[in-house]
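One structure is given below, encoded as structure tokens.
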Amino acid sequence: SPLLLDIVPDGQYRPQWALSLDRVTQTLLIGRVCVSYSKKGHAIMSHWLPPSDPNSVEFTPCPGCSRHVPKYASLSHIKRRCTSESCFIKVLLLDTVAYPTKKNTKVFATGRPIKLATSFAYASSLANIHFDRLSNPVVLPSPDIDDTEVSDYVLPSSTCTLYTDGSFLPSRSGSLPSMSSAWLALDEDDLILESCSEVIPVTYPSALRSEIYALLSALKALPPHSSVVINTDCASLISFWHQFIDKPFIPKLLRQPNHLLWLS
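Here it is in structure tokens:
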């Protein structure tokens with residue numbers, strides 16, 4: 032997952048830009064995880080201040096606040112290598128995720144603002160989705176519970192083939208654009224097991240977005256560990272699948288259109 036912190040040996044200085052959730056104030060703190068202690072479940076993070084404009088990519092080091100733990104600033108690794116940072120806090124690794132930016136982004140010794148690869152608003156949206164999923168894990172259907180109480184669509188394990196399609200109608204003469212998606216699930220005998228069609232909210236409407244939505248909607252209806260053949264007539268969808276699914280995550284993917292859908 033692009034949000035997971037790199038695993039590093041305990042006690043070693045390996046800075047990683049990160050976001051940490053303060054459970055008391057329900058706010059996201061940004062900074063650099065300087066030293067991790069995985070066995071104890073916490074890390075030392077330098078505290079940086081988010082921009083006043085959430086769409087900005089520029090951050091400044093915190094000059095010192097109530098969260099600062101003075102003894103951390105005297106640690107040899109931090110004292111020698113974090114000369115431009117003044118505020119160091121303790122964060123729980125369970126509540127800390129990687130900030131989507133280029134690795135080894137340098138910090139200027141003068142304490143000047145630094146620019147990261149993505150805005151605070153975008154990084155926060157990814158982090159909030161991640162923490163929401165931890166707080167509300169997906170519950171798999173139990174044999175004793177009616178499927179309709181758990182999900183509108185839960186496909187059986189006999190599903191072998193999926194057909195997906197999206198539809199997009201641009202705005203015309205004052206009318207709003209519209210998007211819809213549909214999918215069809217078949218078993219090994221090509222018998223129809225389930226079908227679904229729905230209207231999609233017209234947020235950033237496009238033909239490709241409707242195709243992606245149709246695919247993800249069908250995949251989410253599959254039971255865990257399924258193996259299926261997916262059929263689509265959208266070449267762009269196949270191309271993006273190879274980029275986002277078949278290959279390791281790279282920050283450059285954050286510049287691609289509809290990346291939030293792919294990472295959902």
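Just so you know, we're using our numbering here: the sequence shown kicks off at 32 and counts up by one. Ideal Cβ placement from N, Cα and C applies to all residues, glycine included.
Inter-residue spacing [alpha-carbon to alpha-carbon] between residue i and residue j
i	j	result
S257	A49	33 Å
R112	M210	52 Å
L53	L123	Note that residue 53 corresponds to Asp in the displayed sequence, not to Leu. Those two C-alpha atoms are separated by around 9 Å.
T149	A74	23 Å
C65	A158	19 Å
K102	S67	16 Å
P81	S156	14 Å
I243	S204	27 Å
V55	S107	30 Å
P279	S270	15 Å
W121	R98	According to the sequence provided, residue 121 is Lys. The question's Trp does not apply to it. When rounded, the distance between both Cα atoms is 8 Å.
W272	C265	11 Å
S226	Y44	52 Å
P85	V39	30 Å
D177	R164	Confidence in D177 is poor, its pLDDT being 39 and thus under 50, which makes the residue's placement too unreliable to answer from.
Q287	S83	26 Å
S51	D277	29 Å
Residue from the options whose Cα sits closest to the Cα of residue i
i	options	result
F119	I109, S188, L207	I109
K133	G42, R63, V260, A266	R63
D221	E229, S189, V230, E242	S189
K146	N159, H161, A158, Y130	Y130
S61	D41, V128, L215	Correcting the residue identity first, residue 61 is Ile in this sequence and not Ser. Per the Cα distances, V128.
I231	L224, S248, E219	S248
L36	L59, S69, T58, T56	S69
C96	W79, V185, I261	W79
P94	A104, N86, S87, P85	A104
S198	A213, N262, W272, N86	A213
P254	P101, Y184, F151	Y184
D41	K71, S156, Q47	K71
L239	P81, S267, F90, H161	S267
E89	S204, F151, V260, L59	F151
V260	P201, L106, T192	T192
F162	L125, R143, P144	L125
T114	K121, N86, R143	R143
S206	V233, K121, I160	V233
S87	A154, Q57, Q43	A154
I160	L59, Q287, D277	L59
For residue i, the first and last residue of its enclosing beta strand (DSSP E)
i	result
S107	That residue, S107, is in no beta strand (DSSP E); its alpha helix (DSSP H) goes 107-112.
K121	119-123
A129	127-129
Y184	Y184 -> no beta strand (DSSP E), and no H or E assigned at all.
T149	Taken as a continuous stretch (DSSP letters only), T149 belongs to no beta strand (DSSP E), as it is neither H nor E.
V260	260-262
T195	192-200
Residues of its chain near residue i, where Cβ-Cβ distance is below 6 Å and the 5 sequence neighbours each way are ignored
i	result
E116	S77, P92
L250	none
T195	W214, A245, L246, A249, T263
S228	A213
V170	Its pLDDT being 46, under 50, V170 is placed unreliably by the model, and the measurement read from it follows with that caveat. Same-chain partners within the cutoff: there are none.
Proximal residues to residue i (C-beta, below 8 Å), its chain only, five neighbours per side dropped
i	result
E180	Residue confidence for E180 is low, a pLDDT of 36 falling below 50, so the modelled location carries little weight; the figure read from the coordinates is stated next. Around E180: no qualifying Cβ.
L224	L186, P187, S189, T190, A216, L217, D218
P201	P208, P236
S241	G197, S198, F199, M210, S211, S212, I231
Start-to-end residues for the alpha helix (DSSP H) that takes in residue i
i	result
A266	266-275
A104	101-104
Neighbourhood of residue i by C-beta, 7 Å cutoff - its chain only, sequence neighbours within 5 removed
i	result
Q47	L36, D37, R63, V64, A129
V100	F119, I120, K121
Q57	none
Within-8 Å CB hit, residue i to chain B
i	result
Q57	Chain labels in this structure do not include chain B; a single protein chain is all it has.
Let me know the beta strand (DSSP E) ranges lying completely inside the segment 49-96, each 3 residues or longer, listed in chain order.
58-68, 73-80, 89-92
Counting only runs that start and end within the segment 204-248, where is the beta strand (DSSP E) found for 3 or more residues in a row?
209-217, 223-231
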